[in-house]
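When you number the sequence shown by my numbering, it's gap-free, plus one each residue, and the end is 376. The block underneath contains the structure these notes are about, expressed in structure tokens.
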Amino acid sequence: MPFSNLLRCIIVDDEQQSIDGLSAMLQQRFAEICTVVATANNPLDVPALLHSHAPDLLFLDVEMPRLSGLDVLKMIPDRRCEVVFTTAYTHYAVEAIKLQAADYLVKPFSIEELGDALQRCLEKQNINSMLKKGMVSPAPTRFALAAQSGVHLIVATNEIVWVEATGNYSLFYFTNRPKLMVTKTLKEYEDQLTPHGFFRAHSSSLVNLVHIKSYHSQGGDDYLLMTSDCRVPLSRRKKTEFFDLVQKL
128 MPFSNLLRCI IVDDEQQSID GLSAMLQQRF AEICTVVATA NNPLDVPALL
178 HSHAPDLLFL DVEMPRLSGL DVLKMIPDRR CEVVFTTAYT HYAVEAIKLQ
228 AADYLVKPFS IEELGDALQR CLEKQNINSM LKKGMVSPAP TRFALAAQSG
278 VHLIVATNEI VWVEATGNYS LFYFTNRPKL MVTKTLKEYE DQLTPHGFFR
328 AHSSSLVNLV HIKSYHSQGG DDYLLMTSDC RVPLSRRKKT EFFDLVQKL
């Protein structure tokens, strides 16, 4: 997949030697895909740096005076950049994953490990950028649903956020109405809804492309964050198809 945008990076580490080493690796080996816009030794500077530079990627040490890297992330739950931890310790990895870090590099890490982390962050940045630019809602189509309760509902396709398989039934999630259990399989609805901008992201889910907020990769698992803030898994088998679809938008 071709990428064109540079990743704007910030490095925060209490050891200047670590900052200099990482900066040199990035400049010498990855200048074509990233640029360092700021560095800091003090973790308390992170919120101001994020505000001033709006980076795409934050390289963050864990064990630092005054405040740990983990505590820094807890201070900025609404951050818009990816975070890669660079630390000499392995035992913070689980908590880092819980905080939705993009990667966790244990010092001394190799050029290959750094390159893999950058590629993952760049991939996410480009996919999310294409999602924002390309997901234009088509004209809504009216759609009839026969509910398990016997109720028949007429909805517009743009009201449907996603559909979840539950055995031989399908559970519909909407923008402004309660979820609804419907008496048909997900496969039947896939055939009807795919022409109207829906994508089979997983064996158990069908998503409305206009309601995808962003793509995420965390701990080896991929998922789509919907406008309803639901996380819908993206299967490995469907990942390439999804990326190809987004690029064509």
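Glycine included, C-beta positions come from ideal geometry on N, C-alpha and C.
Following the DSSP letters along the chain, one finds residue 358 inside the beta strand (DSSP E) bounded by residues 358-360.
Taken through DSSP and simplified to helix, strand or coil, residue 314 comes out as helix. Sequence-distant partners of residue 244 (beyond 5 residues in either direction) whose C-beta falls short of 8 Å from its own C-beta, in its chain, are 211, 229, 230, 232. Under DSSP, residue 343 shares a beta bridge with 350. If you draw a 10 Å sphere on the C-beta of residue 144, you find fewer than 16 other C-beta atoms in it, and that means exposed.
Put simply, the backbone Cα of residue 366 is about 38 Å away from that of residue 171. Between residue 284 and residue 338, the C-beta gap is not smaller than 8 Å, which leaves the two residues out of contact.
Going by DSSP, residue 329 is part of no alpha helix (DSSP H) but of the beta strand (DSSP E) stretching over 325-329. Boundaries cannot be given for residue 236, as no alpha helix (DSSP H) includes it and DSSP labels it neither H nor E. With a minimum length of 3 residues, the unbroken runs of beta strand (DSSP E) contained wholly in the region 189-252 fall at 209-214, 230-233. Taking C-alpha positions only, residue 296 is separated from residue 197 by approximately 42 Å.
Secondary structure of residue 301 (DSSP, three-state): strand.
A distance of 8 Å or more separates the beta carbons of residue 134 and residue 319. For the pair of segments examined, the region 176-194 was found to touch the region 159-167: the number of CB pairs separated by less than 8 Å reaches three. In its chain, beyond the 5 residues on either side, 350, 352 have a beta carbon closer than 7 Å to the beta carbon of residue 358. The alpha carbon of residue 307 has as its nearest neighbour, out of 327, 281, 203, 370, the alpha carbon of 281. Note that the C-beta distance between residue 355 and residue 330 is not below 8 Å.
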